[in-house]
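Numbering (UniProt numbering), first residue to last: 1 to 320.
Here a beta-carbon is modelled for each residue, glycine too, at the ideal position from N, C-alpha and C.
See structure below.
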Ligand code: DGY
């Protein structure tokens, strides 16, 4: 008998189709993109395998509704949406998508950094709104990236990829991480500093750390106060790492040059969120890994894990 697999979104048919060899597949295919929670809880009742996105919460409540569950496959490298401890207690495995989105996300972070520093979205609005009358020296002047100091919080795969790119801009690279990265320090000249020093010395602060109990609200009012008055803050990790109220108050007071946010505490961010009223906030809909090649590679990593499990083998990319 084939195992039952439930998929919480409409994924491309050519990606899902080959899995039919191993699974009876049910998929959320309604026009409404997100499966309503009560429908998800009903759908998992008899499934052994669940394929989710980062927007689906796999928690105690869901597990109570899924007594046959053996494997959860997450279409993301971050897995803060999954209660790993609760899974472990029940002997349920989980997999994610490390590695394949490193370069795409790092490219994107540099894009956010350049866009905020050089006021690119604001300048485009200026042009489209018919405000461009002529050229003058101080028109829409930005802030230099080349030669500036970047402070990277979280020196994992993506953090290091951002640092390598920043090196190409002749930036001084500071980082803070749970563990020192001695090899990378030697190879690329990254400098390890305390979080406090990083915040005080950086022109650009980039958050690349995973979201967990240690990093929730890591950047609050006190940390923001340490930053340079004209610093730029970039977050392409998870929204809850920054205290959004404190960020709003900080920006409102005139501190910080700009902020580039691809992630928010609650996604999608409410359109009446105070942060969206500020011109120097560049807000994007969690698209850090959104290139066709990378999203396909992420899906294929999940397929690989699902195929192995379907064949009775250990799935790859297990979260331990
Ligand atoms: C992830 O994988 O965790 C990103 O946030 C989305 O690609």
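**6 Å Cβ shell around residue 315 - same chain, five flanking residues per side excluded** = Counting only Cβ-Cβ distances below 6 Å, and skipping sequence neighbours, we find 95, 305, 308 and 309.
**Message:** Taking 7 Å as the limit between beta carbons, can you name the residues of its chain near residue 274, skipping five residues before and five after?
**Reply:** Cβ neighbours of residue 274 beyond the five flanking positions: 248.
**Asked** What are the boundary residues of the beta strand (DSSP E) that includes residue 26?
**Response** Counted as a single uninterrupted DSSP element, the beta strand (DSSP E) harbouring residue 26 occupies residues 23 to 27.
**Asked** Any chance the CB of residue 86 is under 8 Å from a heavy atom of the ligand DGY?
**Response** Of the heavy atoms belonging to the ligand DGY, none sits nearer than 8 Å to the Cβ of residue 86.
**Residue from 178, 289, 194 and 174 whose Cα sits closest to the Cα of residue 186** = Residue 174 is the option with its Cα nearest to residue 186.
**Prompt:** Is the segment 148 to 158 in contact with the segment 191 to 202, if contact means three or more CB pairs nearer than 8 Å?
**Reply:** Three or more beta-carbon pairs drawn from the segment 148 to 158 and the segment 191 to 202 are found closer than 8 Å, and the two stretches are therefore classed as touching.
**Prompt:** Candidates 215, 40, 60 and 229: which alpha carbon is nearest residue 202's?
**Reply:** It is 229.
**Request:** May I ask you to check if the CB of residue 240 is nearer than 8 Å to at least one heavy atom of the ligand DGY?
**Result:** Look at residue 240: its beta carbon is at least 8 Å from all of the heavy atoms in the ligand DGY.
**Message:** Please classify residue 270 as buried or exposed, where buried requires at least 16 neighbouring CB atoms within 10 angstroms.
**Reply:** With fewer than 16 other Cβ atoms within 10 Å, it is exposed.
**Item:** heavy atom of the ligand DGY below 8 Å from residue 288 C-beta
**Value:** Yes, Cβ of residue 288 sits closer than 8 Å to a heavy atom of the ligand DGY.
**Request:** Whole angstroms is fine: what's the gap from residue 3's alpha carbon to residue 140's?
**Result:** Cα to Cα, the separation comes out at about 58 Å.
**Request:** Determine the direct distance from the alpha carbon of residue 37 to that of residue 56, and round the result to whole angstroms.
**Result:** Using only the alpha carbons, I get a separation of about 9 Å.
**Request:** Return the CA-CA distance between residue 82 and residue 131, expressed in angstroms with no decimal places.
**Result:** Cα atoms of residue 82 and residue 131: separation of roughly 47 Å, rounded to the nearest angstrom.
**Message:** the ligand DGY and residue 73: does the residue's C-beta get closer than 8 Å to at least one heavy atom of that ligand?
**Reply:** The answer is no for residue 73.
**Asked** Comparing the CB of residue 215 with every heavy atom of the ligand MG, is any distance shorter than 8 Å?
**Response** Only the ligand DGY can be found as ligands here, which leaves the ligand MG out of the picture.
**Message:** According to DSSP, is residue 136 part of a helix, a strand, or is it coil?
**Reply:** Three-state DSSP puts residue 136 in coil, outside helix and strand.
**Request:** Could you tell me whether any non-hydrogen atom of the ligand DGY is closer than 8 Å to the CB of residue 101?
**Result:** Answer for residue 101: yes, Cβ within range of the ligand DGY.
**the ligand DGY heavy atom lying under 8 Å from the CB of residue 301** = Flag unset: Cβ of residue 301 not near the ligand DGY.
**Message:** Within a Cβ cutoff of 8 Å, which residues of the same chain sit near residue 167, ignoring the five residues on either side of it in sequence?
**Reply:** So the list reads 173, 188 and 189, once near-sequence residues are dropped.
**Message:** When you compare the CB positions of residue 165 and residue 110, do they come within less than 9 Å of one another, or not?
**Reply:** Between residue 165 and residue 110, the CB-CB gap stays under 9 Å.
**Request:** Compute the minimum distance between the beta carbon of residue 308 and the heavy atoms of the ligand DGY, and state whether it is under 8 Å.
**Result:** Incorrect: residue 308 has no Cβ contact closer than 8 Å to the ligand DGY.
**Message:** Distance check for residue 8 and residue 169, CA to CA, integer angstroms please.
**Reply:** Answer to the nearest angstrom: the Cα atoms are 41 Å apart.
**Message:** Can you tell me where the alpha helix (DSSP H) holding residue 99 begins and where it ends?
**Reply:** Counting along the chain, no alpha helix (DSSP H) covers residue 99, and no H or E run does either.
**Asked** From this set, 261, 181 and 19, which residue's C-alpha is nearest residue 50's C-alpha?
**Response** The candidate whose alpha carbon is nearest that of residue 50 is 19.
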